[in-house]
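Each remark here refers to the structure printed beneath this line.
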Amino acid sequence: MSNTKIQIFDTTLRDGEQVPGCKLDTKQKVIIAEQLDISGVDIIEAGFPVSSPGDFKSVEAISKMVKNATVCGLTRAVENDIKVAAEALKQAKKPRIHTGIGTSDSHIKFKFNSNRDRIIERAYDAVSYAKKFVEDVEFYAEDAGRTDNDYLARVCEAAIKAGATVLNIPDTTGYCLPNEYGAKIKYLMENVKGIEKATVSCHCHNDLGLATANSIEGIINGARQIECTINGIGERAGNTALEEVVMVLKQHQHLNLETNINTEMLYGLSQLVSESMGIYTQPNKAIVGANAFAHSSGIHQDGVIKHRETYEIINPKDIGLIESKIVLTARSGRAALAYRAKNIGYALTKLQLDTIYANFLTCADLKKEVNDNDIHQIIETSSVYRDIIPI
Ligand code: KIV
Ligand code: ZN
33 MSNTKIQIFD TTLRDGEQVP GCKLDTKQKV IIAEQLDISG VDIIEAGFPV
83 SSPGDFKSVE AISKMVKNAT VCGLTRAVEN DIKVAAEALK QAKKPRIHTG
133 IGTSDSHIKF KFNSNRDRII ERAYDAVSYA KKFVEDVEFY AEDAGRTDND
183 YLARVCEAAI KAGATVLNIP DTTGYCLPNE YGAKIKYLME NVKGIEKATV
233 SCHCHNDLGL ATANSIEGII NGARQIECTI NGIGERAGNT ALEEVVMVLK
283 QHQHLNLETN INTEMLYGLS QLVSESMGIY TQPNKAIVGA NAFAHSSGIH
333 QDGVIKHRET YEIINPKDIG LIESKIVLTA RSGRAALAYR AKNIGYALTK
383 LQLDTIYANF LTCADLKKEV NDNDIHQIIE TSSVYRDIIP I
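Here our numbering = 1-based position in the sequence shown + 32.
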């Protein structure tokens, strides 16, 4: 059975850029967009053009530069937003307008001081208006995660009637449990008239650490697009991490779902975004964190040295790393020390290793991590040094 393609919609430059304290200039955004385009991202959300002249300029520049991906601009369900986005996207080969409105009772009451029927009218009008400028219009039902499913289905029907090509179902507040989010997508797939005319999209936030799990449940239940950011950056606790969903699908081939992403670019993309935004990635971050392929305890190191897959489900080369890291600490065993000593030019016999290991532990108790220089020093100052055969 051939695999079904999942569209990757990257919103690093829009939702991702909403991280407090982060501001990218147009040049930095164009560089990131270029790498995203080369990596195989299907849709790049380049910004929110009406929000500032700088954002407008960035969306315009990215539209001009991108060769393969669809370029998308965000709007509210407001005519001027849509007109300005269309203008910014004019030079895109494949432009998409992303418009929408809050649909949960809380948004309807407190944000819009409105009612359910009026919100449906506004959704319909916004999509119809956007269709005057571009064929590809994505509609978002903001706070869909907390929107009652029956009503959400009515909103989606109206958006499809108005010509929406994509229906975005955001869990804006990161509230849903994976089974609830999956059930919501399933409900829409089964109850929205005309759903076959549109692609359903998952847009999950990470307030409870469930964004990736929710997105995966969404596609298992029929969604065909995932909205995500590099390193999972975004408002509050962030968005679904692109590298996580892409690698979940690569590692779980039995789902028969795949993306167009060249996974060997993931580590480089992560570094580029982190450096450009000045946002440090936590060391234990899945896939791209500094420790994601580092092994420090003796039992694990011994296993990985004997057979990498004992403690690694992903080949580091698949995400663009050269190899896994064996980190030498006071928890490391002889196997790891011998391995690292060999890498830097010493073939140790069992007896030599025993002597050097005792010195190594003394050093490791004083330091967090023992580096190659330390190992050279430990070996060169040991009583067995003159008998060691260099490689
Ligand atoms: O989280 C959200 O609801 C959004 C929409 C504006 C798409 O980012
Ligand atoms: Zn969002």
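Ideal Cβ placement from N, Cα and C applies to all residues, glycine included.
Going by other Cβ atoms of all chains shown within 10 Å of its Cβ, with 16 needed for buried, is Gln314 buried or exposed?
exposed
To the nearest angstrom, how far is it from the Cα of Ile407 to the Cα of Asn375?
11 Å
Are there any heavy atoms of the ligand KIV lying less than 7 Å away from the beta-carbon of Pro52, as far as the coordinates show?
no
Quick check: is any heavy atom of the ligand ZN less than 7 Å from the C-beta of Thr204?
yes
If you reduce the DSSP assignment to three classes, tell me which class Ser233 lands in.
strand
Own chain partners of Ser302 with C-beta closer than 7 Å, once the 5 adjacent residues on each side are dropped
Ile262, Asn263, Glu275, Thr313 and Val320
For Ser306, which residues in the same chain have their Cβ closer than 8 Å to its Cβ, ignoring the five residues on either side in sequence?
Asn263, Tyr312 and Thr313
Span separating the alpha-carbon of Phe165 from that of Ala194
13 Å
Closer than 8 Å is the cut-off here; do at least three beta carbon pairs connect the region 118-126 with the region 85-96?
yes
Thinking C-alpha only, which one of Glu267, Gly330, Gly254 and Glu222 is nearest Ala243?
Glu267
Please work out which residues of its chain come closer than 7 Å, Cβ to Cβ, to Gly250, disregarding the five sequence neighbours upstream and downstream, and give them in chain order.
Tyr213, Gly214, Ile217 and Cys234
In whole angstroms, give me the CA-to-CA distance for Leu209 and Leu304.
32 Å
Is Ala155 buried or exposed, if buried means 16 or more other CB atoms sit within 10 Å of its CB?
buried
Under DSSP, the beta strand (DSSP E) around Phe88 begins and ends at which residues?
Taken as a continuous stretch (DSSP letters only), Phe88 belongs to no beta strand (DSSP E), being part of the alpha helix (DSSP H) at Pro85 to Met97.
With respect to 7 Å, is the separation between the Cβ of Gly132 and the closest non-hydrogen atom of the ligand KIV below this value?
yes
Among Val416, Lys382, Thr36 and Lys61, which one has its Cα closest to the Cα of Thr43?
Lys61
Terminal residues of the continuous alpha helix (DSSP H) containing Pro210?
Pro210 to Asn223
Output needed for Lys143: all residues of its chain with C-beta closer than 7 Å, excluding positions within five of it in sequence on either side, in chain order.
Gly134
Asp47 CB to nearest heavy atom of the ligand ZN below 7 Å:
yes
Starting from Cys54, follow its DSSP beta bridges and name the residues at the other end.
Partner(s): none; Cys54 has no beta bridge.
Tell me the DSSP bridge mates of Asn323?
According to DSSP, which records beta bridges pairwise, Asn323 is partnered with nothing at all.
In or out: Pro202 buried (at least 16 other Cβ within 10 Å) or exposed?
buried
On the three-state DSSP scale, how would you describe Leu199?
strand
Let me check understanding here. Comparing Cα to Cα, which of Met309, Ala367 and Ile129 lies closest to Ile337?
Ala367
Using DSSP with H/G/I as helix, E/B as strand and the rest coil, what is Val305?
helix
Which runs of the alpha helix (DSSP H), 4 residues or longer, sit entirely within the region 158-203?
181-193
Contact set for Thr179: own chain, Cβ-Cβ below 7 Å, skip 5 residues either direction
Thr135, Ser136 and Ala173
State yes or no: is the C-beta of Tyr371 within less than 8 Å of the C-beta of Ile358?
yes
What do you reckon, are the CB atoms on Cys104 and Glu77 nearer than 8 Å?
yes
Quick one: Cα of Ser71 to Cα of Ile346, how far?
19 Å
Contact under 8 Å by Cβ, Ile129 with Ala190
no
Answer with buried or exposed for Met33, where buried requires no fewer than 16 other C-beta atoms within 10 angstroms of its C-beta.
exposed
Distance check for Tyr207 and Leu240, CA to CA, integer angstroms please.
7 Å
Grouping DSSP H, G and I as helix and E and B as strand, with all else coil, what is Thr342?
helix
Please report how far the alpha carbon of Glu167 lies from the alpha carbon of Asn316, in whole angstroms.
42 Å
Sub-8 Å separation of Asn271 and Asp87 beta-carbons
no
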